[in-house]
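Peer 1: Please find one structure pasted underneath; my questions will follow.
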Amino acid sequence: MKKHLKILIADDSELMKSLMRSILLKYLVNPVVMQTENLEETYKVLDEENFDLLLLDINMPAGDNTPQTVAEIKQKYPDLNVVMFSGNDKETLEPLYTKAGAFGFIKKDENINWYTKVFFETYFN
18 MKKHLKILIA
28 DDSELMKSLM
38 RSILLKYLVN
48 PVVMQTENLE
58 ETYKVLDEEN
68 FDLLLLDINM
78 PAGDNTPQTV
88 AEIKQKYPDL
98 NVVMFSGNDK
108 ETLEPLYTKA
118 GAFGFIKKDE
128 NINWYTKVFF
138 ETYFN
């Protein structure tokens, strides 16, 4: 597994950020994990530091993150892997976000631990 991935979790839920951080620490080797709670703060942090991966919640304060949001992020930060992180319907939304440039989609449900483990084993080995 790739070591020292630098990951930004953008989610307004403290519970989800804590859960995801603990899952990442369990499955990755020495990741650097930072967190933001809205898109404005996310852009500010992305402007200040380079990340390997952005876990981006779809529903956040001050508006939802649409596929257009992903396209704009990818245009501004082309080397950044954006993974959508949502409780919304993965089957319906994943193709839209992938077409816009998202690298993947992790669903917030009872299988989040398994989805995350498989995702990172698949793409970051």
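Sequential numbering from 18 applies to the sequence shown in our numbering. For glycine and all other residues, C-beta sits at the position ideal for the given N, C-alpha and C. Everything numeric in this text was worked out from a predicted model, so none of it was measured.
How is the beta strand (DSSP E) around asparagine 98 delimited, first residue to last?
Peer 2: 98 to 103
Peer 1: Using the beta-carbon count (16 or more within 10 Å), is leucine 41 buried or exposed?
Peer 2: With at least 16 other beta carbons inside 10 angstroms of its own, leucine 41 counts as buried.
Peer 1: For proline 95 versus lysine 116, is the C-beta spacing smaller than 8 Å?
Peer 2: Lysine 116 sits away from proline 95, with the two beta carbons spaced by 8 Å or more.
Peer 1: So alanine 119 is in the beta strand (DSSP E); what residue range does that whole segment cover?
Peer 2: First-last for alanine 119: undefined, no H or E at that position.
Peer 1: Looking at lysine 107: is its Cβ nearer than 8 Å to the Cβ of phenylalanine 120?
Peer 2: Cβ distance not < 8 Å, so lysine 107 and phenylalanine 120 don't count as in contact.
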